[in-house]
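Following our numbering, the numbering of the sequence shown begins with 1 at its first residue and continues without gaps. All residues carry an ideal CB built from backbone N, CA and C; glycine is no exception. Bear in mind the structure is a predicted one, so any value in this text is a computation, not a measurement. Down below is the structure, laid out as structure tokens.
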Amino acid sequence: KELMTEYHYKRFNAPGTEGLPNHIGMYTEIEVIETQQLWYAKPLAEATIENMGKTQLDEGGYIKPETYISGFPFPRPSGEHVPMQLLYNWQKRFKDHENTANYDLTIGVNSRGKIDHRGTAHYMVLRLEGRVLLPPYGWFDDRARKNGEEQIRMFTIFSPRDLFGNIYHITSYTDPQKDRNFLAYVNFLRRIRKLSSTDSQDQAVGQDISFDDAEGFSQALRPDRYPYVTRVIAEREFLVPAYTFDASDYLDSKDGWKWKNLKFERRPMWVIEMVQQDKNYIYSKRVGYFDKETLLAQLWEMYDQKGRYYRTTDRVWGMVVPMGYINSVHNNNCDWLDTHCTLTFGPAYP
1 KELMTEYHYK RFNAPGTEGL PNHIGMYTEI EVIETQQLWY AKPLAEATIE
51 NMGKTQLDEG GYIKPETYIS GFPFPRPSGE HVPMQLLYNW QKRFKDHENT
101 ANYDLTIGVN SRGKIDHRGT AHYMVLRLEG RVLLPPYGWF DDRARKNGEE
151 QIRMFTIFSP RDLFGNIYHI TSYTDPQKDR NFLAYVNFLR RIRKLSSTDS
201 QDQAVGQDIS FDDAEGFSQA LRPDRYPYVT RVIAEREFLV PAYTFDASDY
251 LDSKDGWKWK NLKFERRPMW VIEMVQQDKN YIYSKRVGYF DKETLLAQLW
301 EMYDQKGRYY RTTDRVWGMV VPMGYINSVH NNNCDWLDTH CTLTFGPAYP
């Protein structure tokens with residue numbers, strides 16, 4: 001109990017335990033293993049070391065985009081803006097690869113353990129700045145450099161049938177003052193619709209996340225729109241789901257959706273609290289758990305504007321040994337107000 005996060009300790013119970021929501025992904029047996037050493041591909045490690053100390057933040061903690069080159073911008077966070085440094089490590093992360101193809105399988109499960117959503121989709125990600133793993137290196141092209149384009153993401157839905165052909169296309173920018181270009185092709189309208197930053201708070205269809213919660217946290221960090229006050233609330237080891245090398249864990253639909261073959265390891269972490277300053281935003285607070293070695297987030301917790309525990313994103317990370325990158329293998333997104341969860345299995349490939 002002292003080593004686990006409160007979230008993971010609650011889940012260490014049988015499904016339907018009194019006082020707990022009937023969520024998928026509970027577990028009654030775990031194997032605790034020794035803490036594993038993890039790594040990134042050599043070019044990424046070299047770029048991170050070479051550019052360490054070059055990325056700068058302004059007085060408010062927001063990035064000066066012209067100072068970032070490549071690699072993780074803040075491999076050794078320190079000073080008054082540690083939470084913002086962690087968030088920029090997450091924003092510039094090298095999870096998956098630089099040119100990524102991802103096939104998502106998603107199932108939604110209600111409080112009775114019944115599947116009420118089945119979804120499949122392609123998820124493509126293209127890194128445009130700071131490229132070190134695949135050519136072209138540096139900027140992807142002149143247009144990306146000129147416009148300060150950071151990343152392009154495209155999500156194409158294949159099922160359920162009524163959503164077939166819906167496409168989301170998001171271009172993010174290096175300048176924190178510049179809003180993302182968020183486009184959606186809506187199948188029944190046969191039109192492309194440009195979404196605003198308010199629309200990014202909408203619930204993703206059939207899932208227990210908003211668009212701002214993609215991969216745990218994808219909200220734009222802006223000083224002028226939905227800004228946060230951030231602080232470190234803990235810095236210690238936690239016992240969390242271990243990074244997998246074989247993706248052998250699974251949820252057993254015939255046994256109350258228990259999470260089985262689940263391994264745990266002790267990981268050194270920072271925990272940050274993000275208090276939202278705009279009462280019009282969907283969340284009043286986010287809490288993120290960041291691994292000190294991989295700089296990736298293990299767990300996200302979100303609270304609504306009434307201060308209620310609202311949504312969580314928990315995951316099992318997977319190590320792709322030959323290529324030195326880390327995959328987001330199993331994602332469990334849960335709603336704690338209407339007792340519903342969405343499990344996504346989405347390995348990514350270069």
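The beta carbons of phenylalanine 164 and phenylalanine 155 sit no closer together than 8 Å. In the assembly as shown, alanine 348 is a buried residue. Its beta-carbon has 16 or more other beta-carbons within 10 Å. Arginine 236: not part of any alpha helix (DSSP H); member of the beta strand (DSSP E) spanning 228 to 241, first to last residue. Counting C-beta pairs with one atom in each stretch, the stretch 265 to 277 and the stretch 42 to 53 have fewer than three that are closer than 8 Å, which means they do not touch. With fewer than 16 neighbouring CB atoms inside 10 Å of its own CB, serine 253 falls in the exposed class. For tryptophan 270, the secondary structure class from DSSP, reduced to helix, strand or coil, is strand. When secondary structure is reduced to three states using DSSP, glycine 216 falls in the helix class. Nearest C-alpha to cysteine 334 among Ala204, Leu296, Gln305, Lys263: Ala204. DSSP links arginine 180 through a beta bridge to no other residue.
If you look at alanine 121, you'll find it in the beta strand (DSSP E) that goes 115 to 127. DSSP, read as helix, strand or coil, puts serine 284 in strand.
The stretch 255 to 264 and the stretch 287 to 306 do not touch, with fewer than three beta-carbon pairs separated by less than 8 Å. In this structure, valine 125 keeps its C-beta atom at 8 Å or more from the C-beta atom of threonine 106.
By a beta-carbon distance limit of 8 Å, proline 65 contacts aspartate 175. Their separation comes to about 5 Å. A residue is called buried when at least 16 other Cβ atoms come within 10 angstroms of its Cβ; valine 316 meets this threshold and is buried.
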